[in-house]
């Protein structure tokens with residue numbers, strides 16, 4: 144099991160999945176520092192927590208996405224445009240706070256084995272729900 148320490152970026156109103164990519168415009172000064180830290184010291188890797196609600200600083204979620212910064216551009220208005228690519232799910236075992244900048248000890252997410260017939264049933268239900276959603 145691989146364990147590492149990564150800076151944490153909390154994003155709102157959008158979800159990043161493994162093997163997907165999102166583009167964001169960052170204007171928060173602490174988030175900009177986090178991105179710079181990830182680029183300079185962590186080979187552009189960062190731990191992403193997705194949240195629609197205001198998070199309680201003492202209770203951050205354990206599950207997030209290990210992502211890589213693929214593109215970062217400082218804009219003339221002071222904002223930063225960034226493209227993040229999800230690499231894999233990760234579990235945070237411990238958070239550290241330093242002047243509103245977070246980092247976390249990250250381990251690989253553990254996946255439960257599922258039997259093939261249950262997987263097929265779940266896929267079938269998911270397809271039905273998707274068709275219902277589209278209609």
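Residue numbers (my numbering): 144 to 278. Even glycine gets a Cβ: it sits at the ideal position worked out from N, Cα and C. This one's a predicted model, so the numbers in the text were calculated from it and none came from an experiment.
Check: Terminal residues of the continuous alpha helix (DSSP H) containing residue 275?; Outcome: 259-277
Check: Is it a yes or a no for the region 255-275 touching the region 209-220, going by three-plus beta-carbon pairs under 8 Å?; Outcome: no
Check: How far does the alpha helix (DSSP H) with residue 178 in it extend, from its first residue to its last?; Outcome: 172-184
Check: Please return the same chain residues whose Cβ sits closer than 6 Å to the Cβ of residue 147, not counting the five positions on each side in sequence.; Outcome: 249
Check: Terminal residues of the continuous beta strand (DSSP E) containing residue 150?; Outcome: 146-155
Check: Quick one: is residue 177 buried, meaning 16 or more other Cβ sit within 10 Å of its Cβ, or exposed?; Outcome: buried
Check: Please state if the CB of residue 244 and the CB of residue 173 are separated by a distance shorter than 8 Å.; Outcome: yes
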